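Worksheet: one structure, shown below.
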Amino acid sequence: MSGAALGIDRSILGQPWQWRRASADMAGEGLAPDDLVTQLLLARGVARDDIERQRAPTLRGFMPDPSIFRDMDAAAARLADAVEAREAVTIFGDYDVDGATSAALLVRLLRALDVPVGAYIPDRLMEGYGPSGAALVRIGEAGSRLIVTVDCGAQAFDAIAEAKAAGVEVIIVDHHQCATTLPQAFAVVNPNRLDEDADAAIHGNLAAVGVAFLLGAALLRDLRARGFFAARAEPALIELLDLVALGTVADVARLTGFNRALVTQGLKVMARRGNIGLAALMDAARLTRPPGASDMGFALGPRINAGGRVGKSDLGVRLLTTADPQEAADIAQELNRLNEERRAIEAAVLDEAIAASAACANAPVAIVAGAGWHPGVIGIVAGRLKEKLHRPAIVIALDEEGVGKGSGRSISGVDLGAAILAAKETGLLVAGGGHAMAAGLTVAADKVDALGAFLNDRLAADVERASGAKSLLIDAVLAPKGINPLWCEAIESAGPYGAGWPAPRVATGPVRIVESGVVGTDHVRLIVSGDDGARFKAIAFRSAETELGQALLHARGGRRLWLAGRARRDDWGSRPAAELHLEDAAWAD
């Protein structure tokens, strides 16, 4: 990062604009002036000698040997034994998208291997997060003595011990942060185990579905070595990459390295619509073109999440594993309806959470709690609160018994998951865990204030450092005429974009605002005109009441501005166009 972009050291949002990678830094790289994709890759930290591998990420180029992870071979061998014996297996998953896709992947794979396999997703309201001893024992008594937990289990010490005492074997497949000790499971496959070697630990950004995919690869390799496929076809694990891509993006895992290859290849599989349930969900979301990473994050993921948040927790897994087109269509429509219900609930809780956050306006971590808040939406509300306040946020729903279920979202550079684990170890929490950017917890109502004091003390320096380093990174400057579909197409080959691999941010201008207004709940919609005569649409999401939104709404026909954001294709009209999704602006006059 070097040099203020366009000389802007203080924007309307009060931040400097910086080049992500200054053009001067490209000198000596041997680049042609129009080698856009290479410049974008370099700006995202790719080494010059790794450009070709990163330009088209493949599994062959990025996939690690599954055996580098502790307990992976033991877990694969135990599952292979179950396959050969046609032993009943149950996949116990979390109720979010990562849990649903992880469970669906292993169910579909084991089903293809003729294993009697089922899925169990706990009810968010009645059972809470993760496995309980009662549920595991009940599953065992029903005939499944082998259970695989996915996207949960890393902190389920008591539940796993209870299952073991009842003769039920549990394999944990997770990615959440681990404590110094591990549950007494048959195997714990988790790249975030504290005892992992460096080669495995670098894959700590995998979503649980990525870990499940590696377990599937290890299982097929073990069966292949046993000669299991001598007289039968081997399932095509690659055809399940659509599930891996969806879970990875929806869990906001960093799209670097192996994750980027998984999503790149998974999007290709998803475009073929081979999964009946996913195809029905795309239809329900009115997604007719081949999906992109943003579609998984904003259209498909929220609908699957809606089942676990405000409906039946197992709807996502049922959708992703069904072979019945009518059942898929029915579930997809139900998830679509639940998603609308979720939005209404979320809006009400968000309003109350924002009001409550005034009491902690100067605290490093915004911690708000409310009675009657729906626990199914607190994670989304925490994310919204974090975006509004630009600091970590935790939202806690208090029930009638004085127990709070909380969900937190963090900012880059602040490890919230580790802090939650530390709070649990000090006795402040009934339960808790997570990873750097997100965490969940259970806390007694009378300890919420003490939890806030602990987290603020622990994270104050990290939040100050992360906030002080805040600036808007710009990849390129475009003339207003450059905001067009050709630009959007040109940058796609440097994707897919998401967490850890940001879509190119462009600055354009100077422009004048021709039309402005509020659309939807509080989005600011603009039509702007540049000095080159070009006009394009722009939108600033959830900004009507912010300093940026107010400046845009009152600048019509007045001072010229520089705009910064992401250019996206707009296919709603009769001809392809592009619009700018605004993130900031600065006065040009």
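To convert, count from 1 in the sequence shown and add 28; that's our numbering. Ideal Cβ placement from N, Cα and C applies to all residues, glycine included. Quick caveat, the model's predicted, so the values are computed rather than measured.
| Do you know how far the Cα of Q354 is from the Cα of I200? | Here the question's residue 200 lines up with position 172 in the sequence shown. Here the question's residue 354 lines up with position 326 in the sequence shown. Looking at the two C-alpha atoms, the distance is approximately 33 Å.
Check your understanding: Would you say T284 and G528 are within 8 Å of each other, going by their C-beta atoms?
Key -> Locating residue 284 in the sequence shown gives position 256, where the first residue counts as 1. Locating residue 528 in the sequence shown gives position 500, where the first residue counts as 1. Contact flag set, yes.
field: K565 - DSSP class collapsed to helix/strand/coil
entry: Start at 1 with the first residue of the sequence shown, and residue 565 comes out as number 537. Correct three-state label for K565: strand.
Applying the 10 Å Cβ sphere with the 16-neighbour rule, what's the burial state of T276? Within the sequence shown, numbered from 1, the residue matching residue 276 stands at position 248. That one is buried.
May I ask which residues mark the beginning and end of the beta strand (DSSP E) holding D142? Within the sequence shown, the letter at position 114 stands for residue 142. From DSSP, D142 is part of no beta strand (DSSP E); its letter is neither H nor E.
request  = Run the CB neighbour count on D599, radius 10 Å, all protein chains shown included, and call it buried at 16 or more, exposed below.
outcome  = Numbered from its first residue, the sequence shown carries residue 599 at position 571. D599 is classed as exposed because its beta carbon has fewer than 16 other beta carbons within 10 Å across all chains shown.
Terminal residues of the continuous alpha helix (DSSP H) containing V377?
Within the sequence shown, the letter at position 349 stands for residue 377. According to the DSSP assignment, V377 belongs to the alpha helix (DSSP H) that extends over P353 to A384.
Exercise. For G161, does the three-state DSSP call read helix, strand or coil?
Worked result: For the purposes of this step, residue 161 is taken as the residue at position 133 of the sequence shown. DSSP places G161 in helix when its eight states are reduced to three.
So R331 packs on A312, CB below 8 Å; how close in whole Å?
-> Here residue 331 is taken as the residue at index 303 of the sequence shown, counted from 1. Here residue 312 is taken as the residue at index 284 of the sequence shown, counted from 1. Correct: roughly 7 Å between the Cβ atoms.
- prompt: Under a Cβ-count criterion, where at least 16 other Cβ atoms within 10 Å of its own Cβ denotes burial, should F326 be classed as buried or exposed?
  reply: Counting from 1 along the sequence shown, the entry for residue 326 is found at position 298. Of the residues assessed, F326 falls on the exposed side of the cut-off, its CB having fewer than 16 other CB atoms within 10 angstroms.
**Study point:** Buried or exposed by the 16-neighbour rule on C-beta atoms within 10 Å, applied to M310
**Key:** Indexing the sequence shown from 1 puts residue 310 at position 282. It is buried - the Cβ of M310 has at least 16 other Cβ atoms within 10 Å.
*asked:* Do V117 and V143 have their beta-carbon atoms positioned less than 8 Å apart in this structure?
replied: Within the sequence shown, numbered from 1, the residue matching residue 143 stands at position 115. Within the sequence shown, numbered from 1, the residue matching residue 117 stands at position 89. Contact: yes.
Given a threshold of 16 other Cβ atoms within 10 Å of its Cβ, counted over all protein chains shown, does P318 qualify as buried or as exposed? Here residue 318 refers to the residue found at position 290 of the sequence shown. It counts as exposed.
Tell me, please, which residues DSSP counts as bridged to I199.
-> Looking up residue 199 in the sequence shown gives position 171. Beta-bridge pairing links I199 to V176 and A215.
- prompt: In the structure shown, what three-state DSSP assignment does E155 receive?
  reply: Looking up residue 155 in the sequence shown gives position 127. Three-state DSSP puts E155 in coil, outside helix and strand.
Residues that Q46 bridges to, as DSSP identifies them:
Sequence index remark: in the sequence shown, residue 46 carries index 18 (1-based). Its beta-bridge partners are A32 and L501.
Buried or exposed by the 16-neighbour rule on C-beta atoms within 10 Å, applied to G58:
Your numbering for residue 58 matches position 30 in the sequence shown. Here G58 scores only 47 on pLDDT, less than 50, and its place in the model should not be relied on; the value that follows carries that caveat. When all chains shown are included, G58 counts as exposed.
Compute the Euclidean distance between the alpha carbons of A386 and R603, then round it to the nearest angstrom. Along the sequence shown, one-based indexing puts residue 386 at 358. Along the sequence shown, one-based indexing puts residue 603 at 575. Looking at the two C-alpha atoms, the distance is approximately 46 Å.
Under three-state DSSP, which class holds A128? For the purposes of this step, residue 128 is taken as residue 100 along the sequence shown, with counting starting at 1. Shown here, A128 sits in a helix according to DSSP, grouped into three states.
What does DSSP give as the partner residue(s) for W4 in the beta ladder? The question about residue 4 has no answer here: the residues shown for the chain are numbered 29 through 617.
Notebook entry, point to check: Assuming E490 and V534 make a contact with CB atoms under 8 Å, what is their CB distance in whole Å?
Noted result: The count along the sequence shown starts at 1 and reaches residue 490 at position 462. The count along the sequence shown starts at 1 and reaches residue 534 at position 506. The question names Glu, but residue 490 is Asp in the sequence shown. Not quite, the Cβ-Cβ distance comes to about 30 Å (not below 8 Å), so this is no contact.
Taking just the CA atoms, how far does I519 sit from P532?
By 1-based counting over the sequence shown, the position of residue 532 is 504. By 1-based counting over the sequence shown, the position of residue 519 is 491. Cα-Cα distance, rounded: 8 Å.
**Asked** In chain order, what residues of the same chain lie with their CB nearer than 6 Å to the CB of E197, ignoring the 5 residues before and after it?
**Response** Taking the sequence shown and counting its residues from 1, the one referred to as residue 197 is at position 169. Non-local C-beta neighbours of E197 in its own chain, meaning closer than 6 Å and more than five positions away in sequence, comprise L174 and F214, ordered along the chain.
Q.
Out of A605, D151 and G232, which one is the CA nearest neighbour of I555?
A. What you label residue 555 is simply residue 527 of the sequence shown in a count that begins at 1. Checked all of A605, D151 and G232; the closest Cα to I555 is A605.
Worksheet entry | Length of the line joining the Cα atoms of P61 and I511 | For the purposes of this step, residue 61 is identified with residue 33 of the sequence shown, where counting begins at 1. For the purposes of this step, residue 511 is identified with residue 483 of the sequence shown, where counting begins at 1. A caution first: P61 carries a pLDDT of 45, below 50, which makes its placement in the model unreliable, though a value can still be read off. Those two C-alpha atoms are separated by around 19 Å.
Let me make sure I understand the geometry here. Which of R38, L64, V471 and G238 has the alpha-carbon closest to that of L506?
For the purposes of this step, residue 506 is identified with residue 478 of the sequence shown, where counting begins at 1. Nearest in C-alpha terms to L506, of all of R38, L64, V471 and G238, is L64.
> With P150 and A132 assumed to form a contact (beta carbons below 8 Å), what rounded beta-carbon distance in angstroms separates them?
Replying inline: For the purposes of this step, residue 150 is identified with residue 122 of the sequence shown, where counting begins at 1. For the purposes of this step, residue 132 is identified with residue 104 of the sequence shown, where counting begins at 1. Actually they do not touch by this definition, with Cβ atoms about 16 Å apart.
Worksheet item: How would you label A273, buried or exposed, when you count the other beta carbons within 10 angstroms and need 16 or more for buried?
Response: If you number the sequence shown from 1, residue 273 lands on position 245. Counting Cβ neighbours within 10 Å, A273 comes out buried, since at least 16 surround it.
Identify the residues that DSSP records as bridge partners of S435: which are they?
-> Translated into positions along the sequence shown, residue 435 becomes position 407. S435 is bridged to V423 and G468.
Contact criterion: CB-CB distance below 8 Å. Does M91 meet it with respect to chain D? The question asks about chain D, but that chain is absent: this structure has only one protein chain.
Handout entry: beta strand (DSSP E) segment containing G121, residue limits
Key = The residue given as residue 121 occupies position 93 in the sequence shown. Start and end: V117 to G121.
Sequence-distant residues of its chain with Cβ nearer than 8 Å to A473 (five each side left out) = Position 445 of the sequence shown, counted from the first residue, corresponds to residue 473. Same-chain partners within the cutoff: A397, L426, G430, V431 and G432.
So, is A52 buried or exposed, given that buried needs 16 or more other C-beta atoms within 10 angstroms? Within the sequence shown, the letter at position 24 stands for residue 52. Confidence at A52 is low in this model, with a pLDDT of 45, below 50, so its placement is unreliable and no value can be given for it.
Notebook entry, point to check: When you compare only the Cα positions, how much space is there between A583 and L363?
Noted result: Here the question's residue 583 lines up with position 555 in the sequence shown. Here the question's residue 363 lines up with position 335 in the sequence shown. When rounded, the distance between both Cα atoms is 41 Å.
**Request:** Measure the C-alpha to C-alpha separation of C206 and A184 and round it to an integer number of angstroms.
**Result:** Residue numbering aside, residue 206 sits at position 178 when the sequence shown is read from its first letter. Residue numbering aside, residue 184 sits at position 156 when the sequence shown is read from its first letter. For C206 and A184, the distance between alpha carbons rounds to 10 Å.
Three-state secondary structure (DSSP) of V393: Taking the sequence shown and counting its residues from 1, the one referred to as residue 393 is at position 365. Under the three-state reduction of DSSP, V393 is assigned to coil, being neither helix nor strand.
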